[in-house]
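Okay, structure first, notes after.
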Amino acid sequence: MEQYRPSINIIDFFLGAYQIGVFLFGIVTAQTYTYFVTFPEDSSKLKTLVREDKRTVIFLMTLSCEVAHILCIGHALFVDTISDYGHLERLADAAPKSIDMTIFAGIVTTCSQSFFTLRIYKLSNQLFLSIILEAVIFLRLVAVAVVTVAGLRMTSVGSYEAQWGWLLATTWGVGAGCDLTITGVLVTLLLRRRADGRKRTAMLVEKIITWTIETGMLTSACWITMLACFLTRKYTLLWLAVFAVTPGVFSNSLLASLNSRARLRTMNEISLPYVNWTTPVFIPTNGNASRASKQIEAEPQRNDREYDLHHSGRTEDETGIVR
Numbered sequence: 001m002e003q004y005r006p007s008i009n010i011i012d013f014f015l016g017a018y019q020i021g022v023f024l025f026g027i028v029t030a031q032t033y034t035y036f037v038t039f040p041e042d043s044s045k046l047k048t049l050v051r052e053d054k055r056t057v058i059f060l061m062t063l064s065c066e067v068a069h070i071l072c073i074g075h076a077l078f079v080d081t082i083s084d085y086g087h088l089e090r091l092a093d094a095a096p097k098s099i100d101m102t103i104f105a106g107i108v109t110t111c112s113q114s115f116f117t118l119r120i121y122k123l124s125n126q127l128f129l130s131i132i133l134e135a136v137i138f139l140r141l142v143a144v145a146v147v148t149v150a151g152l153r154m155t156s157v158g159s160y161e162a163q164w165g166w167l168l169a170t171t172w173g174v175g176a177g178c179d180l181t182i183t184g185v186l187v188t189l190l191l192r193r194r195a196d197g198r199k200r201t202a203m204l205v206e207k208i209i210t211w212t213i214e215t216g217m218l219t220s221a222c223w224i225t226m227l228a229c230f231l232t233r234k235y236t237l238l239w240l241a242v243f244a245v246t247p248g249v250f251s252n253s254l255l256a257s258l259n260s261r262a263r264l265r266t267m268n269e270i271s272l273p274y275v276n277w278t279t280p281v282f283i284p285t286n287g288n289a290s291r292a293s294k295q296i297e298a299e300p301q302r303n304d305r306e307y308d309l310h311h312s313g314r315t316e317d318e319t320g321i322v323r
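Counting from 1, one number per residue, gives the positions in the sequence shown under UniProt numbering.
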């Protein structure tokens, strides 16, 4: 069996990945602040932890695990740059210090995928597909827990890869498949909604479709890159450097989806301006027709669906779901 060949270059990859992970956590922090400021009604639910609000629970779990993940990155950064500095052989003889972040990364990705699966259910009203996706996501989380426990107990990277490498590759392949499936289903459902909607609704849906494709392709690219590095360069541990960045990408995609509601609300509030104009009207006087002017005020147009929502007190989220 080929042996691991750690070099100074892999340390550069590790340190660079750790720093990118910290940078992504900074973006997560900024997006969290934006979330609390922009959506105070959601913030109150966070304070009371309303169980019925699944979005609140997912957000809270994602944020907590992201904090734990960044603490693991800090620990790994300390070990690689201070405690084990200059001892490259320890990368192959013992478990990488970043292996403990695996379970937190698994929870973050699970929360993100579950959030978008919930959106599929709200858009389609079909429970069957959502249950299948959630089952696959849960089984993947179980597999992540198994490889994490095995990683904490391993004596060498080589023996760990020989025994559990297939499960690692499976989790990444399943993760990429789930993201691509979720993205494809969401885009299909949104395209149907755009076809049934009015012009302004179509503009909103087109924007949502663009964001869905961007976030879905980005997270899928992380899985595919990690899997490719593991299959082609497994003996360099390059895949572990990519893995350190992945949870930050998922957290930011989830928070970006939540915060995008502010921009969509602004777009949805754009309507025809309040217009005043003078229209000539013929008024008969003593049998003669004389021209007069009548001031006509035109109110902004509102379609029937908007009228019903306005008078029922209900609102729509960024996907057009009445809630």
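Built from N, CA and C at the ideal position, the CB exists for glycine as well. Only a predicted model underlies this, so the values are computations on that prediction, with no experimental measurement involved.
Review point. On the three-state DSSP scale, how would you describe residue 126?
Key: Reduced to three states, the DSSP call for residue 126 is coil.
Point to revise | Contact belief for residue 110 with residue 137 at Cβ below 8 Å, rounded distance in angstroms | key: Residue 110 to residue 137, Cβ: 6 Å. Contact.
Exercise for review: Figure out for me which residue from 112, 21, 193 and 135 has the closest Cα to the Cα of residue 60.
Suggested key: It is 112 whose Cα lies nearest to the Cα of residue 60.
Check your understanding: Expressed to the nearest angstrom, what Euclidean distance is found between the alpha-carbon atoms of residue 105 and residue 191?
Key -> Each residue's alpha carbon lies about 32 Å from the other.
Practice item. State the Cα-Cα distance for the pair residue 209 and residue 263, rounded to the nearest angstrom. Key: C-alpha of residue 209 to C-alpha of residue 263: approximately 14 Å in a straight line.
Point to revise | the segment 213 to 229 contacting the segment 252 to 259, beta-carbon criterion three pairs below 8 Å | key: Look at the beta carbons and you see the segment 213 to 229 touching the segment 252 to 259: at least three pairs across the two are nearer than 8 Å.
Practice item. Return yes when the Cβ of residue 160 is within less than 8 Å of the Cβ of residue 150, no when it is not. Key: Yes, these two residues count as a Cβ contact at 8 Å.
Review point. For residue 172, does the count of other Cβ atoms within 10 angstroms reach 16, so buried, or fall short, so exposed?
Key: Label assigned to residue 172: buried.
Review point. With burial defined as no fewer than 16 other Cβ atoms inside 10 Å of the residue's Cβ, what is the status of residue 146: buried or exposed?
Key: If you draw a 10 Å sphere on the C-beta of residue 146, you find fewer than 16 other C-beta atoms in it, and that means exposed.
Review point. Near residue 178, what residues of its chain come up, given a Cβ to Cβ distance below 8 Å and the 5 sequence neighbours on each side ignored?
Key: Taken in chain order, the residues that qualify are 113, 133, 136, 137 and 140.
Exercise for review: Starting from the Cα of residue 13, find the closest Cα among 242, 249 and 248 and give me that residue.
Suggested key: It is 242 whose Cα lies nearest to the Cα of residue 13.
Practice item. Within 10 angstroms of the Cβ of residue 166, are there 16 or more other Cβ atoms? Answer buried if so, exposed if not. Key: With fewer than 16 other Cβ atoms within 10 Å, it is exposed.
Practice item. Report yes if the CB atom of residue 211 is closer than 8 Å to the CB atom of residue 260, and no otherwise. Key: It is a contact, given that the beta carbons lie within the stated cut-off.
Review point. Assuming residue 187 contacts residue 194 under a Cβ cut-off of 8 Å, what Cβ separation, rounded to an integer in Å, is found between them?
Key: With a Cβ gap of about 10 Å, residue 187 and residue 194 do not count as contacting.
Exercise for review: Determine the direct distance from the alpha carbon of residue 35 to that of residue 276, and round the result to whole angstroms.
Suggested key: Residue placement at residue 276 is flagged as unreliable, the pLDDT there being 38, under the threshold of 50; the coordinate-derived value follows with that caveat. Distance between the alpha carbons of residue 276 and residue 35: 39 Å.
Exercise for review: Thinking residue 152 and residue 100 are a contact (beta carbons under 8 Å), I'd like their distance in whole angstroms, please.
Suggested key: The Cβ separation is near 7 Å, so the contact holds.
Review point. Hey, how far is the Cα of residue 119 from the Cα of residue 176?
Key: Cα atoms of residue 119 and residue 176: separation of roughly 18 Å, rounded to the nearest angstrom.
Exercise for review: Please say whether residue 58 and residue 25 have beta carbons closer to each other than 8 Å?
Suggested key: Not in contact: residue 25 and residue 58 (Cβ atoms no closer than 8 Å).
Check your understanding: So what's residue 35 in DSSP terms, helix, strand or just coil?
Key -> In the three-state scheme derived from DSSP, where H, G and I count as helix and E and B as strand, residue 35 is classed as helix.
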